[in-house]
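Using numbering that gives the first Met the number 0, read the sequence shown as starting at 0 and increasing by one per residue.
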Amino acid sequence: MMINAQKIPFINRFLGIFRDGAVPTVVEEITIPEEPEIEEPLLIDNMINTKSNGYETKIRINDQKLVNIREEHNGVILSDYNYTHEQFITSILESVERQVLTTPLLPRGCIMYTTINKNRHYLFVEVAPQVRKVFYNTVCFDDVPFPRLLFGFSLMEHYEQIRVENVYVAALEDFVLQENTRVYYYPFTNVYQSGRVCWGNTKLPLLNSISEIRVVIELFFNSINNDDLYGGANLSKLSFRELLQSIQNKDFPVEYLNFTGKTLADWIDQFKDN
């Protein structure tokens with residue numbers, strides 16, 4: 000027999016009797032109506048007593064400490080079954096409609112994904128420290144170290160294609176990210192103090208799936224840098240050219256990172272608000 004939890008609106012209160020394997024010392028009977036139109040139940044200790052249109056579902060613990068469920072109509076027994084506590088709870092859970100949420104295929108390094116109204120998406124992708132080329136005006140600097148970075152993307156889905164609306168980037172120091180992790184300004188150029196990326200004349204491509212966001216990250220790293228938006232990006236007191244020359248073939252100096260005053264939770268909330 001399958002128990003329909005929708006027809007037993009007070010079942011959660013009854014389940015409290017079995018929490019942690021406890022069994023009442025006094026055998027009590029719970030009467031729960033099957034019909035949706037019911038009177039306000041009378042609750043005395045662990046007993047619920049209700050009636051509706053002559054239909055009743057009575058649930059009690061019998062002398063064998065099993066869950067006994069008896070269905071009656073105007074005093075006539077329609078069914079009478081005994082269940083173990085496990086069978087009873089499993090049957091209740093199986094009768095409750097469950098909603099399953101599945102994310103799309105996410106890119107490597109994704110730490111958070113949020114969707115609003117099915118077509119707006121927020122994506123946060125961590126990029127581990129690495130060494131890359133940096134294009135500064137007409138010069139290419141090899142072996143430039145980057146600190147750990149966090150990208151935030153605002154995406155709009157339209158006719159099965161995804162448009163990148165905004166990109167934000169910040170630097171991180173911690174390897175293990177938590178809500179109170181300190182967030183630092185991106186230490187190079189092409190990024191406003193708010194963290195928003197300045198793309199200049201670069202036109203971002205439309206994406207077929209969220210997992211393709213790595214294409215946008217590569218576009219950012221391969222963009223031409225200049226001295227615009229460099230002021231306050233780091234604490235080195237060096238010009239951008241001097242900074243690139245001084246850190247080649249080294250680890251990025253974490254003491255150069257300039258704290259934004261925000262935690263990771265603050266930065267993510269601000270990004271969504273913008």
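Where a beta carbon is used, it is the ideal one built from N, C-alpha and C, also for glycine.
Note that the structure is predicted; figures quoted are calculated from it, not measured.
In the DSSP assignment, the residues bridged to residue 161 are 156 and 206. Straight across, the Cα-Cα distance linking residue 108 with residue 101 is about 18 Å. Check the Cα spacing between residue 116 and each of 172, 170 and 157: the tightest is with 157. In this model, residue 71 and residue 99 are separated by some 35 Å (Cα to Cα).
Between residue 162 and residue 145, the CB-CB gap reaches or exceeds 8 Å. With a contact defined as Cβ atoms closer than 8 Å, residue 166 and residue 150 qualify at about 7 Å. Between residue 137 and the set 222, 128, 262 and 261, the nearest pair of CA atoms involves 222.
Here the region 244-256 lies against the region 220-236, with 3 or more beta-carbon pairs under 8 Å apart.
Rounded to the nearest angstrom, the gap between the Cα atoms of residue 246 and residue 159 is 43 Å. Just measuring C-alpha positions, the residue of 197, 155, 124 and 142 sitting nearest residue 148 is 124. About 15 Å separates the beta carbon of residue 212 from that of residue 270, a gap too long to meet the 8 Å contact definition.
The criterion of a C-beta distance shorter than 8 Å is satisfied by residue 189 and residue 224. A direct Cα-Cα distance of roughly 21 Å separates residue 134 from residue 192. The Cβ atoms of residue 81 and residue 66 sit closer than 8 Å to each other. In the assembly as shown, residue 113 is an exposed residue. Its beta-carbon has fewer than 16 other beta-carbons within 10 Å.
Scanning its chain for C-beta atoms nearer than 8 Å, with the 5 sequence neighbours on each side dropped, one finds around residue 183 the residues 146, 169, 170, 171, 172, 256, 257, 258 and 259, in chain order. Here residue 209 is near residue 106, since their CB atoms are less than 8 Å apart.
In the assembly as shown, residue 77 is an exposed residue. Its beta-carbon has fewer than 16 other beta-carbons within 10 Å. Residue state for residue 271 is assigned as helix, using DSSP reduced to three classes. Inter-residue distance for residue 95 and residue 89 is about 10 Å (C-alpha atoms, whole angstroms). Residue 262 has 181 as its beta-bridge partners, per DSSP. In the three-state reduction of the DSSP assignment, residue 174 falls in the coil class.
Between residue 243 and residue 140, the beta carbon gap of about 5 Å places them in contact (Cβ cut-off 8 Å). Under the DSSP definition of a beta bridge, residue 91 lacks any partner. Rounded to the nearest whole angstrom, the C-alpha separation of residue 238 and residue 179 is 31 Å.
The DSSP assignment places complete alpha helix (DSSP H) segments of no fewer than 4 residues inside the region 49-136 at 84-94, in order along the chain. In the DSSP assignment, residue 167 is bridged to 151 and 195.
Taking C-beta separations shorter than 6 Å and ignoring five residues to either side along the sequence, the partners of residue 226 in its chain run 239, following chain order.
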